[in-house]
Amino acid sequence: MRSGGRGRSRLRVGDRGLMEPPSLPKRRLLPRLHLLPLMLLALALGSAFYIIWKSWNPGAEELSPSRELRAPLVGSLPEAKLRRVVGQLDPQRLWGTFLHSLLIVRPPGSPGNLQVRKFLEATMQGLSAGWHVELDSFTASTPLGPLDFGNVVATLDPGAARHLTLACHYDSKFFPPGSAPFVGATDSAVPCALLLELVQALDPMLSKTKQQAPSVTLQLLFLDGEEALKEWGPRDSLYGSRHLAQIMESIPHSPGPTRIQAIDLFVLLDLLGAPSPLFYSHFPHTVRWFQRLRSIEKRLHRLNLLQSHPQEVMYFQPGEPPSYVEDDHIPFLQRGVPVLHLIATPFPTVWHTPADTEANLHPPTVHNLSRILAVFLAEYLGL
Ligand SMILES: [Zn+2]
0 MRSGGRGRSR
10 LRVGDRGLME
20 PPSLPKRRLL
30 PRLHLLPLML
40 LALALGSAFY
50 IIWKSWNPGA
60 EELSPSRELR
70 APLVGSLPEA
80 KLRRVVGQLD
90 PQRLWGTFLH
100 SLLIVRPPGS
110 PGNLQVRKFL
120 EATMQGLSAG
130 WHVELDSFTA
140 STPLGPLDFG
150 NVVATLDPGA
160 ARHLTLACHY
170 DSKFFPPGSA
180 PFVGATDSAV
190 PCALLLELVQ
200 ALDPMLSKTK
210 QQAPSVTLQL
220 LFLDGEEALK
230 EWGPRDSLYG
240 SRHLAQIMES
250 IPHSPGPTRI
260 QAIDLFVLLD
270 LLGAPSPLFY
280 SHFPHTVRWF
290 QRLRSIEKRL
300 HRLNLLQSHP
310 QEVMYFQPGE
320 PPSYVEDDHI
330 PFLQRGVPVL
340 HLIATPFPTV
350 WHTPADTEAN
360 LHPPTVHNLS
370 RILAVFLAEY
380 LGL
């Protein structure tokens, strides 16, 4: 991904412009005394026009409620349930089974990339909850010539009306032959290992909930080709997410028109695993989900269920993010999908260096994040 520096333009995709109408200037245009009669007149005229317009357009639909309004109302887990959810996580499995299988050189089109893709597919297919696993494979032209890419899309219950979609990229950044090996531990082996551990740990609960056919289900996207192969730009980056967003926009989904519109919330995990990550809410539309993560962090801290976590809130920060970040959420955001971007800003110091390895990860942080996310999922999905 690419980040705008502190001193650069504060253009924030998904804020105003894409998601919201611009706010009107807060300037008084007329003397106060004239304001009330004018407002009443405007209101009367507006109502009259609306009534006339409605009578001419009997079939016209009301504006559909925002996606946020149809998102579930979730409550906090009772403490016993919370402890049970957290207790399902297995740090050894996350590290030894999942993370170690991902920590290889795996740029698009490489044998390592194919090996990791197969591992992701096999892991998802092996879960007892019975996931529907699809491969979105395609060839794209790149600065290195045409390359094969493959996104792994796993959906717990494809028949469910709505999807809570969690995503990470599984490719590692390509460096020219002769460079030091780059395994991208934070970028993004840890995020993918976290997703696998979450669905493995919650497998019995997800399985049980699936029997009740809830309206919202879980979906995981393991995206290929997030990294630029030469130089970051609109045509050299986000290969997998650009392709998948376009495909999902064209696939019908019941009851909504397309698959992309079935996404309730798109949670993107990236650059995780270094010590002391700081996260910020990037989009006003999803701030309440960000605040929920902060509440979960606080609650787990108070219950003494987080390690190396001396303060109540260390991760989910108030205020504005220090920079604008381009990442796999962009093609979804541009199509109106609500996005929660969980990326450490500032980026880890090892970012895009050969030092982004297992040795420089901070296991307590990884396990704390797994606990916070497990509780978030259990609450959202009503497990
Ligand atoms: Zn990267």
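Residue 10 in numbering that gives the first Met the number 0 sits at position 11 of the sequence shown, with consecutive numbering throughout. Ideal Cβ positions, reconstructed from N, Cα and C, are used throughout, including at glycine.
Short of 8 Å in beta carbon distance, which residues of its chain neighbour residue i, apart from the five on each side in sequence? Order them along the chain.
i	result
Gly318	Tyr279
Leu228	Pro106, Pro107, Thr141, Pro142, Leu143, Leu146, Phe173 and Asp235
Phe118	Ser100 and Leu101
His366	Leu88, Pro90, Leu93 and Gln306
Bridge partners for residue i per DSSP, in chain order?
i	result
Arg105	For Arg105, which the question treats as bridged, DSSP gives no partner whatsoever.
Pro213	According to DSSP, which records beta bridges pairwise, Pro213 is partnered with nothing at all.
His131	Thr154
Gly86	Paired residues: none, contrary to the question.
Ala139	Leu146
Ser2	Val324
Following a CB-centred definition, is residue i positioned closer than 7 Å to any heavy atom of ligand 2?
i	result
Leu243	With respect to ligand 2, the structure shown offers nothing to examine, as its ligands consist of ligand 1.
Should residue i be listed as close to ligand 1, given that the test is whether its C-beta is under 7 Å from any heavy atom?
i	result
Glu325	no
Glu230	no
Asp235	no
Asp223	no
Asp89	no
His340	no
Met123	no
His328	no
His351	yes
So, is residue i buried or exposed, given that buried needs 16 or more other C-beta atoms within 10 angstroms?
i	result
Lys172	buried
Arg234	exposed
Leu376	buried
Glu196	buried
Ala358	exposed
Gly224	buried
Arg291	buried
Gln199	buried
Asp241	A quick correction: the sequence has Arg, not Asp, at residue 241. Classification for Arg241: buried.
Ala256	It should be noted that the sequence gives Pro, not Ala, for residue 256. By the neighbour-count rule (16 or more Cβ atoms within 10 Å), Pro256 is not buried but exposed.
Trp130	buried
Trp231	exposed
His168	buried
Excluding sequence positions up to five away, which residues of its chain have a Cβ less than 6 Å from the Cβ of residue i?
i	result
Leu382	Met204 and Thr208
His390	Only positions 0 to 382 of the chain appear in this structure, which leaves residue 390 out of reach.
Met123	Trp130, Val132 and Ala153
Quick one: what's got a C-beta closer than 7 Å to residue i's C-beta in the same chain, skipping five residues either side?
i	result
Phe174	Phe181
Thr356	Val182 and Ala184
Ser65	Any answer about Ser65 is weak, because its pLDDT of 44 lies below 50 and its placement is not dependable; what the coordinates show is given next. So no residue of the chain qualifies.
Glu296	Val312, Tyr314, Phe315 and Ile371
Ser127	Asp202 and Ser206
Val421	Residue 421 lies beyond the stretch modelled for the chain, which goes from 0 to 382, so this question has no answer here.
Leu368	Leu193 and Leu271
Verify whether the separation of the beta carbon atoms of residue i and residue j is less than 8 Å.
i	j	result
Leu433	Val84	Within the shown structure, residues of the chain are numbered from 0 to 382, placing residue 433 beyond reach of any answer.
Leu270	Pro213	no
Leu194	Leu219	yes
Ile259	Val151	no
His361	Gly272	yes
Ser390	Pro345	Because the chain is modelled from 0 through 382, residue 390 falls outside the range shown and cannot be assessed.
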